[in-house]
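Report on one structure; see the data block that follows.
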Amino acid sequence: MKVLLDTHILLWWLSGDRGLPRRAGQVIADSDTAVVVSAATAWEIAIKKAVGRLDAPDDLLDALHANAFGTLAITAAHALAAGLLPAHHGDPFDRILIAQAQMEGLTLITVDQRFSKYEVDLLPMH
Numbered sequence: 149m150k151v152l153l154d155t156h157i158l159l160w161w162l163s164g165d166r167g168l169p170r171r172a173g174q175v176i177a178d179s180d181t182a183v184v185v186s187a188a189t190a191w192e193i194a195i196k197k198a199v200g201r202l203d204a205p206d207d208l209l210d211a212l213h214a215n216a217f218g219t220l221a222i223t224a225a226h227a228l229a230a231g232l233l234p235a236h237h238g239d240p241f242d243r244i245l246i247a248q249a250q251m252e253g254l255t256l257i258t259v260d261q262r263f264s265k266y267e268v269d270l271l272p273m274h
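Per my numbering, residue 149 is the first one in the sequence shown, and the count goes up by one each step.
Written out as structure tokens, the structure reads:
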């Protein structure tokens, strides 16, 4: 399975937060799972960290590497697809994740219920 982590899922994983759903933790920890983090997630973390709205690792790239997580660049095709999505969700970072998951055939791990309004493969949390 290839999964794309929403920002909160990544941060919960890295910090060992108990908010991480058990199913998400199992899938991420599974050695057969290829875990990918979007450049949009790194961008969102950097922006929110810079303005003091988020506590996140200073060494995010090192943390991704230590966890053997891959990274996914944002392409022009991803950006155009995100712009064409129905307006169920206004967060541009989340919209790019949805478009990337759709286009790259990735299962998205999130607890954000608004994602279910899109045709995107979501990890069931049950």
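We put the beta carbon where it would ideally sit given N, CA and C, even for glycine. Bear in mind that the values here come from a model prediction, so they are computed numbers and not experimental data.
So the candidates are the options; which of them puts its Cα closest to the Cα of residue i?
i, options, result
"Asp210", "Leu232, Val185, Pro234", "Val185"
"His226", "Ala190, Thr219, Arg243", "Arg243"
"Met149", "Ala172, Leu158, Trp160", "Ala172"
"Pro272", "Leu159, Pro169, Gly164", "Pro169"
"Asp178", "Gly200, Pro205, Asn215", "Asn215"
"Val268", "Asp260, Ala230, Leu256, Gln261", "Leu256"
"Gln250", "Ala187, Ala229, Val199, His274", "Ala229"
"Arg262", "Glu252, Leu254, Gly253, Gly238", "Gly238"
State the start and end residues of the unbroken alpha helix (DSSP H) segment that holds residue i.
i, result
"Leu162", "155-163"
"Leu220", "Segment 218-220 is the beta strand (DSSP E) holding Leu220; no alpha helix (DSSP H) there."
"Leu208", "208-214"
"Leu113", "Limits of the chain in this structure are 149 at one end and 274 at the other, which puts residue 113 out of reach."
"Gly200", "First-last for Gly200: undefined, no H or E at that position."
"Arg309", "Missing from the structure shown is residue 309; the chain here goes from 149 to 274 and no further."
Quick check on residue i: does DSSP put it in helix, strand or coil?
i, result
"Ser186", "strand"
"Leu152", "strand"
"Leu228", "helix"
Under the assumption that residue i contacts residue j (Cβ atoms under 8 Å), give the Cβ distance between them as a whole number of angstroms.
i, j, result
"Leu233", "Ile222", "That pair is no contact at about 14 Å."
"Ile176", "Val183", "6 Å"
"His236", "Lys197", "Contact flag wrong, Cβ pair sits at about 27 Å."
When you compare the CB positions of residue i and residue j, do they come within less than 8 Å of one another, or not?
i, j, result
"Leu152", "Gln248", "yes"
"Leu208", "Thr219", "no"
"Leu270", "Ala204", "no"
"Asp180", "Thr258", "no"
"Leu190", "Phe241", "The residue you asked about is not Leu; residue 190 is Ala in the sequence shown. For Ala190 and Phe241, no; Cβs fall outside 8 Å."
Where does the unbroken beta strand (DSSP E) through residue i begin, and where does it stop?
i, result
"Val256", "Note on identity: in this sequence residue 256 is Leu, with Val being the wrong assignment. Per DSSP, Leu256 belongs to the beta strand (DSSP E) from 255-257."
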